[in-house]
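S.K.:
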Amino acid sequence: MPEDFSTIVQAGVRSLTPYQPGKPVEELQRELGLTEVVKLASNENPLGPSPLALAEARRALSDIRLYPDGSGYRLKQALAQHLGVEIAAISLGNGSSDLLELVARAFLGPGTAAVYSAHAFAMYPIYTTATGAECRVAPAGLGHSHDLDAMAARIDTTVRVVFIANPNNPTGGYLATAALREFLQWLPRHVIVVVDEAYCEYVEQADYPDCMPWVAELRNLVVTRTFSKAYGLAGLRIGYAVSDPAVADYLNRIRQPFNVNSIALSAASAALTDQEHLRRSREVNAAGLQQLQAGVERLGLRYTPSVGNFLLVDLGRDAAPIYQALLAQGVIVRPLANYALPQHLRVSIGLPVENECFLQRLAQVLADV
Ligand SMILES: *Cc1c(COP(=O)(O)O)cnc(C)c1O
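Per the numbering used here, the sequence shown starts with residue 1, numbered consecutively.
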């Protein structure tokens with residue numbers, strides 16, 4: 001046995017720090033003996049999933065002695081129809097995080113590099129580093145947005161993957177059609193570009209790009225989406241990627257044989273058919289966003305305009321004590337020191353009463369701490 005496992009662990013793994021998820025409700029209840037807890041920390045849909053999805057999930061329970069359909073045929077067929085793409089272009093994952101990791105494992109390794117923006121999704125550096133590849137972080141532009149020129153300046157022959165979150169988490173901003181299209185067209189074809197659209201269902205802006213039709217033409221483009229956010233199925237873990245079939249073939253070679261469970265496959269197919277539930281979720285989100293923005297403004301705080309289901313709030317001071325004080329009051333939000341935003345908090349948009357609770361407690365805590 002080695003004295004110290006750090007001498008044998010892969011170099012990329014040695015240097016990692018684990019992802020910090022939003023604090024689970026039960027954990028806070030356990031720690032502080034609280035019963036009433038409001039969690040606005042993980043961008044979950046406060047309405048939950050469609051009742052149709054829940055009914056299908058329950059039905060699927062009766063078959064869990066069987067392995068899932070490893071090809072995910074029914075869901076892929078439903079997605080192909082829904083998105084207007086061919087079935088061979090679709091890959092399924094255990095959350096879209098799974099697909100981000102598969103892209104990293106398939107295309108990155110020692111001697112290669114990935115490019116992404118500062119203040120972008122925290123899993124990009126983790127998946128990149130784990131493969132032994134280099135992380136090239138482009139400084140963000142105005143309002144913590146992706147600066148595509150800064151990203152372009154970091155592309156050379158060692159770069160294999162570019163990650164773009166659109167809209168971005170945790171900032172809430174988005175790239176418009178013309179700018180993104182120009183960047184994708186410019187990008188050398190030896191670079192796989194992942195456009196991570198985890199929040200696309202929420203975006204109502206007319207200049208937000210629909211990347212799906214571009215996949216057939218820009219063969220290095222991979223678009224990832226998830227059922228975790230607007231579809232309200234975060235606990236089931238299911239997402240998908242749309243790419244050139246040749247790229248999908250590589251992802252398929254390295255995935256777990258049954259990377260998506262049977263309950264998730266069934267629930268996601270049903271969720272897709274309930275576009276009315278999605279519309280209602282968008283409506284609740286838009287109203288909640290207004291409520292939070294107005295409330296935060298009343299407290300004299302600045303925020304970054306958001307098109308997602310969360311709001312980045314600038315406290316103008318160290319956010320850690322405020323985060324802790326909110327926890328003590330039973331309100332869980334997300335501190336962002338690990339996103340290099342130590343003065344900010346990210347607040348997911350909840351139901352009106354949850355948003356109000358957050359605003360009241362924040363006002364109190366800001367006065368006290
Ligand atoms: C939440 C999120 C994801 C992935 O979530 P999954 O639950 O793994 O599908 C991916 N990208 C961004 C930017 C996210 O915020």
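We put the beta carbon where it would ideally sit given N, CA and C, even for glycine.
Can you find the residues in the same chain that come closer than 8 Å, C-beta to C-beta, to A122, ignoring five residues on each side of it along the sequence?
M.R.: Hits under 8 Å: Y19, Q20, N338, Y339.
S.K.: Taking buried to mean at least 16 other C-beta atoms within 10 Å of its own C-beta, is Y174 buried or exposed?
M.R.: Buried is the call here.
S.K.: Between the Cα of C200 and the Cα atoms of L187, R225, N220, A178, which residue gives the shortest distance?
M.R.: Of the listed residues, the one whose Cα sits closest to C200 is R225.
S.K.: Look up S243 in the DSSP assignment and say whether it is helix, strand or coil.
M.R.: Three-state DSSP puts S243 in coil, outside helix and strand.
S.K.: Given this structure, state the Cα-to-Cα distance separating A363 from S228, to the nearest angstrom.
M.R.: Cα to Cα, the separation comes out at about 30 Å.
S.K.: Quick check on the burial criterion: 16 or more other C-beta atoms within 10 angstroms. Buried or exposed for E297?
M.R.: Answer is exposed; the Cβ neighbour count stays below 16.
S.K.: Given this structure, state the Cα-to-Cα distance separating D63 from Y323, to the nearest angstrom.
M.R.: About 43 Å.
S.K.: Cβ-heavy atom distance between T273 and ligand 2 below 6 Å?
M.R.: Looking for ligand 2 in the displayed structure turns up nothing; the ligands present are ligand 1.
S.K.: So, is A106 buried or exposed, given that buried needs 16 or more other C-beta atoms within 10 angstroms?
M.R.: Buried, because 16 or more other Cβ atoms sit within 10 Å of the Cβ of A106.
S.K.: On the premise that A264 lies in contact with G93, defined as a C-beta separation below 8 Å, what is that separation, rounded to the nearest angstrom?
M.R.: Their Cβ separation, rounded to whole angstroms, is 10 Å, which puts G93 and A264 out of contact at 8 Å.
S.K.: Can you list, in chain order, the residues of its chain whose CB lies under 8 Å from that of G70, leaving out five sequence neighbours each side?
M.R.: Excluding positions up to five away in sequence, the list reads P257, F258.
S.K.: Buried or exposed: H144, going by 16 or more other Cβ atoms within 10 Å of its Cβ?
M.R.: Answer is buried; the Cβ neighbour count reaches 16.
S.K.: With DSSP as the reference, label I8 as helix, strand or coil.
M.R.: It is coil, neither helix nor strand.
S.K.: Quick check on DSSP: helix, strand or coil for E134?
M.R.: E134 falls in the strand class under three-state DSSP.
S.K.: What separation, rounded to the nearest whole angstrom, lies between the Cα atoms of N373 and A286?
M.R.: Nothing can be reported for residue 373, as the shown portion of the chain is limited to 1 through 369.
S.K.: So if DSSP puts S348 in a beta bridge, which residue, or which two residues, is it bridged to?
M.R.: F310.
S.K.: In the structure shown, what three-state DSSP assignment does I263 receive?
M.R.: I263: helix per DSSP, three-state reduction.
S.K.: Take T304 and list the residues in its own chain whose beta-carbon comes closer than 7 Å to its own, dropping the five residues that flank it on each side.
M.R.: Answer for T304: G143, H144, T171, G172, G173, L312, listed in chain order.
S.K.: Just to be sure I understand the criterion: a residue counts if its Cβ is closer than 5 Å to at least one heavy atom of ligand 1. Which residues meet that?
M.R.: For ligand 1, the selected residues are G95, S96, S97, F121, A165, N169, D196, A198, T226, S228, G239.
S.K.: If the criterion is Cβ atoms closer than 7 Å, does the pair P139 and A150 meet it?
M.R.: Yes. Within cutoff.
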